Amino acid sequence: MSASTATSPSAMSSANGPERKARRRSAALGVVAWVVGIGFCLPALWMVLTSFHAEADAATNPPSLAAALTLDGYRTFFGGGGGPTPWPPLVNSLAASFFSTVLVLLLALPAAYALSIRRVRKWTDVMFFFLSTKMLPVVAGLLPVYLFAKNTGLLDNIWLLVLLYTSMNLPIAVWMMQSFLADVPVSIIEAAQVDGARLPTVLRRVVAPVAGPGIAATALICFIFSWNELLFARVLTGVVAGTAPVHLTTFVTSQGLFLAQLCAASVVVSLPVLVAGYAAQDKLVQGLSLGAVK
Amino acid sequence: MTVTATRETTASPQAPVKKPGGGDRRRAWATRAPLLPALIFLIAVTQLPFVATLVISLFDWNSLKPEKRHFTGLSNYASVFTDEALRESVVTTVVLTATVVIVSVVLGLVFALLLDRTFFGRGFVRTLLITPFLLVPVSAALLWKHALYNPEYGLFNGVLTWFGELFGIESIAQPEWTSEMPLIAIEASLVWQWTPFMMLILLAGLQSRPAEIIEAARLDGAGPWQIFRHLTLPHLRRYLELGILLGSVYIVQNFDAVFTITSGGLGTANLPYTVYETFYRAHEYGLASAAGVVVVIGTIIIATFALRVVSSLFREEASRA
Chain Z
1 MSASTATSPS
11 AMSSANGPER
21 KARRRSAALG
31 VVAWVVGIGF
41 CLPALWMVLT
51 SFHAEADAAT
61 NPPSLAAALT
71 LDGYRTFFGG
81 GGGPTPWPPL
91 VNSLAASFFS
101 TVLVLLLALP
111 AAYALSIRRV
121 RKWTDVMFFF
131 LSTKMLPVVA
141 GLLPVYLFAK
151 NTGLLDNIWL
161 LVLLYTSMNL
171 PIAVWMMQSF
181 LADVPVSIIE
191 AAQVDGARLP
201 TVLRRVVAPV
211 AGPGIAATAL
221 ICFIFSWNEL
231 LFARVLTGVV
241 AGTAPVHLTT
251 FVTSQGLFLA
261 QLCAASVVVS
271 LPVLVAGYAA
281 QDKLVQGLSL
291 GAVK
Chain Y
1001 MTVTATRETT
1011 ASPQAPVKKP
1021 GGGDRRRAWA
1031 TRAPLLPALI
1041 FLIAVTQLPF
1051 VATLVISLFD
1061 WNSLKPEKRH
1071 FTGLSNYASV
1081 FTDEALRESV
1091 VTTVVLTATV
1101 VIVSVVLGLV
1111 FALLLDRTFF
1121 GRGFVRTLLI
1131 TPFLLVPVSA
1141 ALLWKHALYN
1151 PEYGLFNGVL
1161 TWFGELFGIE
1171 SIAQPEWTSE
1181 MPLIAIEASL
1191 VWQWTPFMML
1201 ILLAGLQSRP
1211 AEIIEAARLD
1221 GAGPWQIFRH
1231 LTLPHLRRYL
1241 ELGILLGSVY
1251 IVQNFDAVFT
1261 ITSGGLGTAN
1271 LPYTVYETFY
1281 RAHEYGLASA
1291 AGVVVVIGTI
1301 IIATFALRVV
1311 SSLFREEASR
1321 A
């Protein structure tokens, strides 16, 4: 109160008072944003901190902030204590996510090309067909897929997951890439075609350089979704082909609850997604909103 | 449907120009060819299983008694709507989805408004705010269940103990979060994961706001609240709709949080979890399929609106280009 009355006469005379007031308000809101940001992220930060604590320090009430840091949680998670190693599930997740992402790109790139550069007739209808498959809940097709897998011996096989993840991500990939390919100037493509370049060459030499970053982001998002998936993996895999999320859920029940180890496991499994997600955060929202928000 | 109709009427004047001759037809197929692998793949992997689900839903089929399998018509659907547990899971799904979407949209809007101004470390705060969304959903659910909600050494009760010590209260209440408020526990963890998604969409909306109009309104003496109420909010309407509808489509299907935090117990089983339980544990294939079809019908209702919003944004984009 006293501060504002003290500054108001000078502010009125120099006319920069409201501006300074606005700047102060903006600074205050900046502080609020920091507090909100840290508070909101706190559970995740807590997870990271706990993962570096010894089990005895992790499971205390009230929590021990000053406890010594250790890598024991990570060591045990990776089989340091003679327990099972997480490598098979991590490799399964990596393989399923990687191969389905490659398959998505192989299928979506030509489709997006047909939908954006060489427009097929009624292209918007085709776009909406792709989108509508994404809106079909996975539980609606789960049982037939399970029966099919059981009868063909494909149960507990990552290639089945590869196919399912591809179908899950294909619509998003087509939508995203359509919007990225639409940014490629048609005149350059026509010039290349006049010069006698065929479709593969045009794609590689002209389209890929311009739309490359967008295509990379699309691949990243498909990878993240496959990596995160639990329901299909839970129902369709078992001992051999279990993925990292499935490993996380069974991990708790099979070993009892070791909080630090669980947090370490969660950090390890989330790490690839965190890195990829930070790298592609703008494109991430575009992908999730099916290309509707640029 | 309306999209198709309008497109065809606008296209008809051009139609006589292109006579469907042999060369044209071949060229049309050459244009279409790159599209076909993706289309065929999607139809095979997503539409065929759904058709199979429809067929199975008409059978009384328990996999433990396969010899008793027989056609029952729509009686599975009657069971879905009369079965107490299944009806309850319909209600749970609606409550869970609505709560999570509404709360995360409101929080997301607040966060987006906070981040829509320049301040020191904005990029870092933005990174902090989107982190929950980037955790693997199972990790996030396990984190909430064990590290936060655990009644003995979870962070929440730990903080309560701290406060108790701070104010000299000997034995402060230590709630059993997941058993005393199971649905709220799941909702809180989902709100935490989905708020960043809403924030990112609304932030994109805020940044596409025409700056000149806001500047003009400010010069005309409009206060921040008036600008928000009469300029920002109407502009954000589309983005709010998009966030709400896409969020609904994703959260209606949520399985990870329900499965991990409560295993569907204590009245928290939503439809996807119930379908999973019905076929995976109870082996009632016909009933599970009928419930699955009901989920699809519910999602189609939401999705029809979602598609309309996306298509209006999309058409705007197309007309601008």
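Chains as they are written, first to last, in the working numbering: chain Z, 1 to 294; chain Y, 1001 to 1321. All C-beta atoms, glycine included, are put in the ideal place defined by N, C-alpha and C. No experiment lies behind these values; they were computed from the predicted model shown.
DSSP state of residue i mapped onto helix, strand, coil
i          : result
Asn-228/Z  : helix
Phe-251/Z  : helix
Leu-1135/Y : coil
Leu-69/Z   : strand
Thr-101/Z  : helix
Thr-1053/Y : helix
Met-1181/Y : coil
Met-135/Z  : coil
Tyr-298/Z  : Outside the shown range of chain Z (1 to 294) lies residue 298/Z, about which nothing can therefore be said.
Gln-193/Z  : helix
Ala-264/Z  : helix
Glu-1410/Y : Examination of residue 1410/Y is not possible in this model, given that chain Y is present from 1001 through 1321 alone.
Leu-1307/Y : helix
Tyr-1149/Y : coil
Thr-1195/Y : helix
Ser-1171/Y : coil
Pro-18/Z   : helix
Thr-1118/Y : coil
Ala-1005/Y : Residue confidence is low: Ala-1005/Y scores 37 on pLDDT, short of 50, so the model does not pin down where it sits. Its coordinate-derived value is still stated next. Three-state result, Ala-1005/Y: helix.
Bridge partner(s) assigned by DSSP for residue i
i          : result
Asn-1062/Y : Glu-1284/Y
Phe-1071/Y : Phe-1059/Y
His-53/Z   : Leu-69/Z
Neighbourhood of residue i by C-beta, 7 Å cutoff - its chain only, sequence neighbours within 5 removed
i          : result
Glu-1067/Y : none
Leu-1261/Y : The amino acid at residue 1261/Y is misidentified as Leu; the sequence shows Ile. So the list reads Ala-1141, Trp-1144, Lys-1145, Thr-1178, Ala-1185, Ile-1186 and Ser-1189, once near-sequence residues are dropped.
Ala-217/Z  : Ala-280 and Lys-283
Ala-1291/Y : Val-1080, Leu-1086, Leu-1271, Thr-1274, Val-1275 and Thr-1278
Ile-1214/Y : Ile-1227 and Leu-1231
Ile-1056/Y : Tyr-1285, Gly-1286 and Ser-1289
Thr-1053/Y : Ser-1289, Gly-1292 and Val-1293
Own chain, CB closer than 6 Å to residue i, minus 5 neighbours either side, in chain order
i          : result
Thr-1009/Y : Only weak support is given to the placement of Thr-1009/Y: the predicted model assigns it a pLDDT of 38, under 50, and the question is left unresolved by the model.
Leu-1183/Y : Thr-1268
Ser-14/Z   : Confidence at Ser-14/Z is low in this model, with a pLDDT of 48, below 50, so its placement is unreliable and the value that follows should be read with caution. None.
Ala-59/Z   : Leu-259
Val-207/Z  : Val-184
Lys-134/Z  : Pro-171
Trp-87/Z   : none
Cβ distance (whole Å) where residue i is taken to contact residue j below 8 Å
i          : j          : result
Ala-1147/Y : Met-47/Z   : 6 Å
Thr-1195/Y : Phe-1119/Y : That belief does not hold up - the Cβ atoms of Thr-1195/Y and Phe-1119/Y are roughly 20 Å apart, past 8 Å.
Ala-1257/Y : Val-1275/Y : Actually they do not touch by this definition, with Cβ atoms about 16 Å apart.
Pro-110/Z  : Pro-1234/Y : With 8 Å as the limit, Pro-110/Z and Pro-1234/Y do not qualify as a contact, their Cβ atoms being about 40 Å apart.
Leu-164/Z  : Val-1045/Y : 7 Å
Asn-61/Z   : Pro-1137/Y : Between Pro-1137/Y and Asn-61/Z the Cβ distance is about 27 Å, and since that is not below 8 Å, they are no contact.
Gly-1243/Y : Val-1105/Y : 6 Å
Leu-1114/Y : Val-285/Z  : Wrong, their Cβ atoms sit about 17 Å apart, outside the cutoff.
Leu-107/Z  : Leu-181/Z  : With a Cβ gap of about 14 Å, Leu-107/Z and Leu-181/Z do not count as contacting.
Val-1100/Y : Val-1249/Y : Wrong, their Cβ atoms sit about 12 Å apart, outside the cutoff.
Val-138/Z  : Leu-231/Z  : 6 Å
Val-1295/Y : Leu-1245/Y : Contact doesn't hold; Cβ gap of about 16 Å is too wide.
Phe-130/Z  : Leu-1042/Y : 7 Å
Phe-1197/Y : Gly-1123/Y : Incorrect: roughly 19 Å between the Cβ atoms, too far for contact.
Ile-158/Z  : Ala-95/Z   : 6 Å
Leu-1155/Y : Ala-1173/Y : 16 Å between Cβ atoms; not a contact.
Nonlocal neighbours in the same chain, by C-beta distance under 8 Å from residue i, ignoring five residues either side
i          : result
Asp-1116/Y : Leu-1203, Leu-1206 and Gln-1207
Leu-297/Z  : Nothing about residue 297/Z can be reported from this structure: the residues present for chain Z run from 1 to 294 only.
Val-235/Z  : Leu-142 and Tyr-146
Could you run through the segment 59-73 of chain Z and flag, in chain order, every residue whose CB is less than 8 Å away from some CB of chain Y?
Ala-59, Thr-60, Asn-61, Pro-62 and Pro-63
Against chain Z: residues of the segment 1053-1071 of chain Y by CB proximity under 8 Å:
Thr-1053 and Ile-1056
Please name the residues in the segment 1123-1137 of chain Y whose beta-carbon is closer than 7 Å to at least one beta-carbon of chain Z, in chain order.
So the list reads Val-1125, Thr-1127, Leu-1128, Leu-1129, Ile-1130, Thr-1131, Pro-1132, Leu-1134, Leu-1135, Val-1136 and Pro-1137, given in the order they occur along the chain.
Can you give me, in chain order, the residues of the segment 1254-1265 of chain Y that have a beta carbon less than 8 Å from any beta carbon in chain Z?
Correct list: Phe-1255, Asp-1256, Phe-1259 and Thr-1260.
Against chain Y: residues of the segment 71-95 of chain Z by CB proximity under 9 Å:
none
For the segment 1074-1092 of chain Y, which residues have a beta carbon sitting closer than 8 Å to at least one beta carbon of chain Z?
Result list empty, no residue passes.
What are the residues in the segment 34-52 of chain Z lying within 7 Å of chain Y by C-beta distance?
Trp-34, Val-36, Gly-37, Ile-38, Phe-40, Cys-41, Pro-43, Ala-44, Trp-46, Met-47 and Thr-50
Interface positions of the segment 151-173 of chain Z facing chain Y (Cβ-Cβ less than 8 Å), listed along the chain
Answer in chain order: Leu-163, Leu-164, Thr-166, Ser-167, Leu-170 and Pro-171.
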